[in-house]
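Here the protein sequences line up with chains D and H, keeping their order.
Under the numbering used here, the first residue of the first sequence is numbered 32, with each subsequent residue one higher.
Under the numbering used here, the first residue of the second sequence is numbered 155, with each subsequent residue one higher.
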Amino acid sequence: MSSENIQREKLLEVKDLWVSFGKGRKKFQAIKGVSFDIYKGETFGLVGESGSGKTTIGRAIIRINPVEKGEIIFKGKRISGKIDKETNKELIRNIQMIFQDPMASLNERAKVDYIVSEGLYNIHGFTDEADRQAKVRKAMMDVGLPPEFATRFPHEFSGGQRQRIGIARTLIMNPELVIADEPISALDVSIRAQVLNLLMDLQRQYGLTYLFIAHDLSIMRFITNRLAVIYKGQIVELGETEKVFQHALHPYTKALISAIPQPDPLSERNRTVLQYDPSVHDYTVDKPVWTEIEEGHWVLANEAEQAAYRAEIQENL
Amino acid sequence: MSENKEIILSVKDLEIQFTLRGQTLTAIRGISMDLYKGESLAIVGESGSGKSVFTKSFMGMLDKNGKVTGGEILYKGRDLAKYKTQKEWLGIRGKEIAMVFQDPMTSLNPLKTVGKQIQEAIVLHQGLKGPEAKERAIEYLKDVGIPDPERRYKQYPHEFSGGMRQRAVIATAMACNPEILICDEPTTALDVTIQAQIIELLRDMQRKYDLTIIYITHDLGVVAKVADRVAVMYAGDIIEVGTAYEVFYNAQHPYTWALLSSLPQLGIKGEPLYSIKGTPPNLFKEIKGDAYAPRNPYALNIDHEIRPPYFDVSPTHKVRSWLQDPRAPKAEPPKTIQRMLDRWKEVYTNE
Ligand SMILES: Nc1ncnc2c1ncn2[C@@H]1O[C@H](COP(=O)(O)OP(=O)(O)OP(=O)(O)O)[C@@H](O)[C@H]1O
Ligand SMILES: Nc1ncnc2c1ncn2[C@@H]1O[C@H](COP(=O)(O)OP(=O)(O)OP(=O)(O)O)[C@@H](O)[C@H]1O
Ligand SMILES: [Mg+2]
Ligand SMILES: [Mg+2]
Numbered sequence: 032m033s034s035e036n037i038q039r040e041k042l043l044e045v046k047d048l049w050v051s052f053g054k055g056r057k058k059f060q061a062i063k064g065v066s067f068d069i070y071k072g073e074t075f076g077l078v079g080e081s082g083s084g085k086t087t088i089g090r091a092i093i094r095i096n097p098v099e100k101g102e103i104i105f106k107g108k109r110i111s112g113k114i115d116k117e118t119n120k121e122l123i124r125n126i127q128m129i130f131q132d133p134m135a136s137l138n139e140r141a142k143v144d145y146i147v148s149e150g151l152y153n154i155h156g157f158t159d160e161a162d163r164q165a166k167v168r169k170a171m172m173d174v175g176l177p178p179e180f181a182t183r184f185p186h187e188f189s190g191g192q193r194q195r196i197g198i199a200r201t202l203i204m205n206p207e208l209v210i211a212d213e214p215i216s217a218l219d220v221s222i223r224a225q226v227l228n229l230l231m232d233l234q235r236q237y238g239l240t241y242l243f244i245a246h247d248l249s250i251m252r253f254i255t256n257r258l259a260v261i262y263k264g265q266i267v268e269l270g271e272t273e274k275v276f277q278h279a280l281h282p283y284t285k286a287l288i289s290a291i292p293q294p295d296p297l298s299e300r301n302r303t304v305l306q307y308d309p310s311v312h313d314y315t316v317d318k319p320v321w322t323e324i325e326e327g328h329w330v331l332a333n334e335a336e337q338a339a340y341r342a343e344i345q346e347n348l
Numbered sequence: 155m156s157e158n159k160e161i162i163l164s165v166k167d168l169e170i171q172f173t174l175r176g177q178t179l180t181a182i183r184g185i186s187m188d189l190y191k192g193e194s195l196a197i198v199g200e201s202g203s204g205k206s207v208f209t210k211s212f213m214g215m216l217d218k219n220g221k222v223t224g225g226e227i228l229y230k231g232r233d234l235a236k237y238k239t240q241k242e243w244l245g246i247r248g249k250e251i252a253m254v255f256q257d258p259m260t261s262l263n264p265l266k267t268v269g270k271q272i273q274e275a276i277v278l279h280q281g282l283k284g285p286e287a288k289e290r291a292i293e294y295l296k297d298v299g300i301p302d303p304e305r306r307y308k309q310y311p312h313e314f315s316g317g318m319r320q321r322a323v324i325a326t327a328m329a330c331n332p333e334i335l336i337c338d339e340p341t342t343a344l345d346v347t348i349q350a351q352i353i354e355l356l357r358d359m360q361r362k363y364d365l366t367i368i369y370i371t372h373d374l375g376v377v378a379k380v381a382d383r384v385a386v387m388y389a390g391d392i393i394e395v396g397t398a399y400e401v402f403y404n405a406q407h408p409y410t411w412a413l414l415s416s417l418p419q420l421g422i423k424g425e426p427l428y429s430i431k432g433t434p435p436n437l438f439k440e441i442k443g444d445a446y447a448p449r450n451p452y453a454l455n456i457d458h459e460i461r462p463p464y465f466d467v468s469p470t471h472k473v474r475s476w477l478q479d480p481r482a483p484k485a486e487p488p489k490t491i492q493r494m495l496d497r498w499k500e501v502y503t504n505e
């Protein structure tokens, strides 16, 4: 997944997206004007604290959450708001989401065999029973589950095993864009490596594009090409992953990076974690805007902060 | 380091089986382990290796189709493995051994205010009543770092954010005044900054109340931060146990090597991560030899035949692997973890 050989063709464009829940005094503004593009073939990461709106963005893309304001464009075609039947069908086929909590979304009364091929049934994605079974077998082996498990029920599996069933049912659809919402956070290290390798393999093989949502930054650093950091419904920083890790500008990004635990007891024991204090921003008069502070590196900042960040960039050169 | 410490819980040759449609699955295959008072023990290992089942058995919380079929769980002169009735377990659960789960919503009652839930635990386990119990409950909320505890006392779980809920669960567990706290993936659902806070909190609680904590987690970063000792599980067995330094920097079991090598932190971007080939053994079948042998590139002939005993690497470090036998050929650990071994030299020369 090196960034050089990525064609810079925009697969998905999110433009000034607003999403809210509830009405009137109960209205909660979950997403407040978020913009980003995802290029074909890349892995785009979305990271941020619990409740910051990551899943909400994913669900807005696949049309589960209604878009209040703004636009979402897939392959040059608007897919938010009112769309025709044909576009909707295409969308189901081409954009798949691996849900954050497959434990809850797995039908407890269905056998794994059915669960994995459910999506295929919906789009008539197989020629005959033998073809369907072969596809199920392959999907299960791809995610490291013995195919014999197909005859079992979800409750007979451990937490991590069930998560892999959730991944198998998505991959069997051969989508173009996969929104992977915390697909590996419940998995143990060894299976995690298998699944990460698998996701990278599939990407190479089929030119898949990923929107990867996770809160584990060490995984984000390893797998994503570009990274967006979201805080309370707003993206505060976006850029090439290595750039963001080495020269983060926004104080929230800095706090996040300082908090990543390392598998190294010696350094872990005397490390200090930065805390983010939103009151460091004085936005009373000088309001923040979404700015491209250097090529491909965006940050949410007001005039004064932009000046400070530019100085920081100069220093880092 | 834990040699001279008081043993609080001692597991001897524990076996746990589940029955599924007439078939028997052996989830825990003869584990022996001591837990020391006041320590933090981390249990790591593959999904399905039995981490949850193992620790749930200390609280009588196995699913109905599962039971302890052999061995002992000794706690304060009692053998918990012999407990049958809910009434017996009530003396242990919460009061002596409490558990914090990954998903805080499963441990909180959505229909009761958070304060009431903590208060109930206090009334039940600390014998306080009325205003006194309430005051204590608010104190616990404060202890776990929930701001404005008087107001939060009256709120329902859904009015708390994920991180706050997990704090509330910890407060409820602490209100039972337990000796041992088992945290099963306590921070998996949380982002790194909140995770760091919760871990800090658990360490404060540990110091303040002289708690013994068992952490179950996939996150070896968290393990590096919190654990005094680390136990590595594979297929229902503890295959390596030692101090955190020993297990991270001087790992001896090929499965532990594989586990460390799979970490994205040790990977090279754009290249596949190290991953263990094959699948874990079928626990419905009897396992011959070392359970890891079929996936182990270092396996010796004997690994396929006879289950290895524990070998002592140091007084605190035990490994179940034939590679430790003096007759075994010397095995070089993979290059990916060389950096870890260099660290070991660092620790060694400093001591
Ligand atoms: N259906 C809904 N009704 C009301 N509020 C909602 C709904 N879905 C999400 N929210 C709120 O919107 C905000 C963003 O939620 P979202 O699930 O997108 O967060 P997230 O970043 O995915 O968090 P996590 O890391 O915990 O999964 C939260 O405050 C949440 O409570
Ligand atoms: N109620 C049950 N019936 C049958 N088998 C079970 C039951 N509960 C657990 N098991 C089996 O026992 C083994 C150990 O499961 P356990 O939940 O302890 O794994 P774990 O190490 O906690 O995994 P994870 O990291 O995924 O949570 C697994 O093979 C699992 O399938
Ligand atoms: Mg989410
Ligand atoms: Mg578990």
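Cβ atoms here follow ideal geometry from the backbone N, Cα and C, with glycine treated the same way.
| Can you give, in chain order, each stretch of the beta strand (DSSP E) that sits fully within the stretch 305 to 351 of chain H and has at least 3 residues? | Fully enclosed beta strand (DSSP E) runs of 3 or longer: 334 to 338.
| said: Please list, in chain order, the chain D residues whose beta carbon lies closer than 9 Å to that of D358 of chain H. | reply: Position 204 of the second sequence, counting from 1, holds the residue named residue 358 of chain H. Contact annotation for D358 of chain H against chain D: no contact, minimum CB-CB distance about 15 Å [criterion: below 9 Å].
| task | With distances taken Cα to Cα, identify the nearest neighbour of Y388 of chain H among H:R247, H:E333, H:A447 and H:T470. | result | Residue mapping note: residue 388 of chain H aligns to position 234 of the second sequence, counting from 1. Comparing C-alpha distances from Y388 of chain H to each of H:R247, H:E333, H:A447 and H:T470 shows the shortest one belongs to H:A447.
| field | Of the listed residues H:A291, H:M213 and H:I227, nearest to D167 of chain H (C-alpha basis) | value | Reading the second sequence from its first residue, position 13 is the one you call residue 167 of chain H. For D167 of chain H, the nearest C-alpha among the options comes from H:I227.
| Where does Y232 of chain D sit, in a helix, a strand or coil, going by DSSP? | The sequence position of residue 232 of chain D within the first sequence is 201, counting from 1. Reading off the sequence, residue 232 of chain D comes out as Asp, not Tyr. DSSP places D232 of chain D in helix when its eight states are reduced to three.
| request: Verify whether the separation of the beta carbon atoms of L335 of chain H and L365 of chain H is less than 8 Å. | output: Stepping through the second sequence from its first residue, residue 335 of chain H is reached at position 181. Stepping through the second sequence from its first residue, residue 365 of chain H is reached at position 211. Yes, the pair counts as a contact, with Cβ atoms nearer than the cut-off.
| query | Which term fits A339 of chain D, buried or exposed, when burial requires 16 or more other beta carbons within 10 angstroms of its beta carbon? | reply | Numbered from its first residue, the first sequence carries residue 339 of chain D at position 308. By the 10 Å Cβ count, A339 of chain D comes out exposed.
| request: Compile a chain-ordered list of the residues in the stretch 244 to 255 of chain D whose CB is closer than 8 Å to at least one CB of chain H. | output: Of all residues in the stretch 244 to 255 of chain D, H246, D247, L248, S249, I250, R252, F253 and I254 have a Cβ within less than 8 Å of some Cβ in chain H.
| request: Pick out whichever of D:F67, D:M251, D:V65 and D:W49 has its Cα sitting closest to the Cα of F59 of chain D. | output: What you label residue 59 of chain D is simply residue 28 of the first sequence in a count that begins at 1. Comparing alpha carbon positions, the residue from D:F67, D:M251, D:V65 and D:W49 closest to F59 of chain D is D:W49.
| request: Go ahead and pull the three-state DSSP assignment for S33 of chain D. | output: Here residue 33 of chain D is taken as the residue at index 2 of the first sequence, counted from 1. The predicted model places S33 of chain D with a pLDDT of 46, which falls under 50 and marks its position as unreliable, so this point remains unresolved.
| Cα-Cα, which of D:N347, D:Y283, D:L258 and D:K169 is closest to E273 of chain D? | Position 242 of the first sequence, counting from 1, holds the residue named residue 273 of chain D. Checking every option, the nearest Cα to that of E273 of chain D belongs to D:L258.
| request: Please name the residue in D:G84, D:I146, D:I110 and D:G53 whose C-alpha comes closest to that of L43 of chain D. | output: To locate residue 43 of chain D, count along the first sequence from 1; it is residue 12. The shortest Cα separation from L43 of chain D among D:G84, D:I146, D:I110 and D:G53 belongs to D:I110.
| field | Cross-chain neighbours of Y307 of chain H in chain D, by beta carbon under 8 Å | value | Position 153 of the second sequence holds residue 307 of chain H. The contacting residues do not exist; Y307 of chain H stays about 22 Å from chain D at best.
| request: Would you check whether ligand 1 has a heavy atom nearer than 7 Å to the C-beta of S83 of chain D? | output: As a first step, residue 83 of chain D must be located in the first sequence, where it is residue number 52. Within the cutoff, so yes.
| task | State buried or exposed for P294 of chain D, treating a residue as buried only when at least 16 other CB atoms are found within 10 Å of its CB. | result | The residue given as residue 294 of chain D occupies position 263 in the first sequence. By the neighbour-count criterion, in which a residue is buried when 16 or more other Cβ atoms sit within 10 angstroms of its Cβ, P294 of chain D is buried.
| Backbone secondary structure at H458 of chain H - three-state DSSP | In the second sequence, counting from the first residue as 1, residue 458 of chain H sits at position 304. Helix at H458 of chain H.
| query | Is the closest heavy atom of ligand 1 to the C-beta of G316 of chain H under 7 Å? | reply | Here residue 316 of chain H is taken as the residue at index 162 of the second sequence, counted from 1. Under cutoff, so the answer is yes.
| query | Would Y229 of chain H be called buried (16 or more neighbouring beta carbons within 10 Å of its own) or exposed? | reply | Here residue 229 of chain H corresponds to residue number 75 of the second sequence, with the count starting at 1. The residue in question, Y229 of chain H, is buried, as its Cβ has 16 or more Cβ neighbours within 10 Å.
| task | Step through the CB atoms of chain H and report whether any lies within less than 8 Å of the CB of S111 of chain D. | result | Within the first sequence, numbered from 1, the residue matching residue 111 of chain D stands at position 80. So no, S111 of chain D is outside the interface.
| query | Is it right to say I170 of chain H is buried, meaning 16 or more other beta carbons lie within 10 angstroms of its own, or is it exposed? | reply | What you label residue 170 of chain H is simply residue 16 of the second sequence in a count that begins at 1. By the 10 Å Cβ count, I170 of chain H comes out buried.
| task | Decide if M251 of chain D is buried, meaning its Cβ has at least 16 other Cβ atoms within 10 Å, or exposed. | result | Counting from one through the first sequence, the residue named residue 251 of chain D turns up at place 220. By the 10 Å Cβ count, M251 of chain D comes out buried.
| message | Using a Cβ-based criterion (distance less than 7 Å to any ligand heavy atom), does A61 of chain D qualify as near ligand 1? | response | By 1-based counting over the first sequence, the position of residue 61 of chain D is 30. Relative to ligand 1, A61 of chain D has its C-beta within less than 7 Å of a heavy atom.
| said: Give me the chain H residues within the contact set of L218 of chain D, using Cβ-Cβ distance strictly less than 8 Å, ordered along the chain. | reply: Position 187 of the first sequence, counted from the first residue, corresponds to residue 218 of chain D. Result: S201 and H372.
| Should I37 of chain D be flagged as near chain H, meaning a C-beta pair shorter than 8 Å? | Within the first sequence, residue 37 of chain D is the residue found at index 6, counting from 1. Because the pLDDT of I37 of chain D is 48, which lies under 50, any placement of that residue in the model is unreliable, and the number read from its coordinates should be weighed accordingly. Taking Cβ atoms only, chain H never reaches closer than 8 Å to I37 of chain D, which makes this a no.
| Based on Cα-Cα distance, which residue from D:P214, D:E160, D:G197 and D:T74 lies nearest to E207 of chain D? | Residue 207 of chain D sits at position 176 when you count from the first residue of the first sequence. Of the residues D:P214, D:E160, D:G197 and D:T74, the one whose Cα lies closest to the Cα of E207 of chain D is D:T74.
| Cβ-heavy atom distance, S261 of chain H to ligand 4, below 7 Å | Taking the second sequence and counting its residues from 1, the one referred to as residue 261 of chain H is at position 107. Not so, every heavy atom of ligand 4 lies at least 7 Å from the Cβ.
| task | With 8 Å as the threshold, decide whether the Cβ of G175 of chain D is near any Cβ in chain H. | result | Position 144 of the first sequence, counted from the first residue, corresponds to residue 175 of chain D. Interface with chain H (8 Å Cβ-Cβ cutoff): G175 of chain D is included.
| Three-pair Cβ contact test at 8 Å for the stretch 323 to 333 of chain D versus the stretch 374 to 392 of chain H | Between the stretch 323 to 333 of chain D and the stretch 374 to 392 of chain H there are fewer than three inter-stretch CB-CB distances shorter than 8 Å, so the stretches are not counted as touching.
| query | Of the choices D:D144, D:K57 and D:D47, whose alpha-carbon is the least far from that of I104 of chain D? | reply | To locate residue 104 of chain D, count along the first sequence from 1; it is residue 73. Nearest of D:D144, D:K57 and D:D47 to I104 of chain D, Cα basis: D:D47.
| message | Going by beta-carbon coordinates alone, are G299 of chain H and L262 of chain H separated by less than 8 Å? | response | As a working mapping, residue 299 of chain H is identified with position 145 in the second sequence. As a working mapping, residue 262 of chain H is identified with position 108 in the second sequence. No, the pair does not count as a contact, with Cβ atoms beyond the cut-off.
| Residue interval of the beta strand (DSSP E) (run including L258 of chain D) | For the purposes of this step, residue 258 of chain D is taken as residue 227 along the first sequence, with counting starting at 1. Unbroken beta strand (DSSP E) run through L258 of chain D: R257 to Y262.
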